[in-house]
Structure formats: structure tokens, C-alpha cells
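Heads up, the sequence shown is in numbering that gives the first Met the number 0, so the first residue is 0 and it goes up one at a time.
Step one of this worksheet: look at the structure below.
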Amino acid sequence: MLEIAKLYLFLFGVLTIAGGVMGFVKAGSRASLIAGGVSGVLLLVAGYLVGAGNLLAGLILGLVLSLALAGQFAPKFLRTRKVMPAGMMAVLGIVGIVFTVLGLLQSR
């Protein structure tokens, strides 16, 4: 499960950065670019930490970011019903929560 969590955090990070860039390109949103860039880089760091053996720090960082992103985008998706970007980011955040919690349980 730890390997899956690590790979997922890397994938989630890349997709989050890409989403921030897309938000900037399509809507001119600097906030999307900055938030997506910072969140994405932190998710990449979380994946790196898990892979480097610092499991607790990486999984907790991944969990906090997944909770924050799911908490931001799930209500927005429920309000707007727009799959992109709110629905996709809500699902990615929820899956991130599941993988990081399972990784934390396995690492004990």
C-alpha cells in the first residue's frame, strides 16, 4: 500500500500543477496557478518523503493536502455540478485521503 500511496501522491501532484496551469491559461486565474503550483509541489514532496523512507511525514503531509483539496472542491462540485475542475479535484482529494490513511495504518 505504501508504494501505491507514493505513486498516487506523485500523480496527484502532477495533476494538481497541471490544473493550476490550465486555470491560468483558460481563465487568467493567478490564484489557480499559485494554489495549484504550491499544492502540487507539496504533494510531490509528500510522495518523495514516502519513497525516501520518511513515511510518517510524507503520509501526514499528503493527508493534510488531500483533506484541504477535497474540502475545497467537494462543496464546490456539489454546488456547481461541474466535473472540471471541481469534480475531478474532489475525487482526487478523496482518493488521496483513502490512500494516505491506509498507508498510515500499514506503517504502524
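Glycine residues also receive a C-beta, built at the ideal position from the N, C-alpha and C atoms.
Contacting residues, own chain, Cβ-Cβ under 6 Å from residue i (five flanking each side not counted)
| i | result |
| --- | --- |
| residue 73 | 89 |
| residue 75 | 85 |
| residue 8 | 42, 45, 46, 61 |
Residue i vs residue j beta-carbon contact at 8 Å
| i | j | result |
| --- | --- | --- |
| residue 39 | residue 13 | yes |
| residue 11 | residue 95 | yes |
| residue 68 | residue 92 | yes |
| residue 32 | residue 19 | yes |
| residue 57 | residue 48 | yes |
| residue 64 | residue 106 | no |
When the options are compared against residue i, the one with the closest alpha-carbon
| i | options | result |
| --- | --- | --- |
| residue 35 | 15, 26, 43, 46 | 15 |
Residues near residue i in its chain [Cβ-Cβ closer than 7 Å; skip 5 each side]
| i | result |
| --- | --- |
| residue 98 | 3, 4, 7 |
| residue 29 | 23 |
(message) Please give the ranges of any alpha helix (DSSP H) in the segment 38 to 93, keeping only runs that are unbroken, at least 4 residues long and fully inside the region.
(response) 54 to 79
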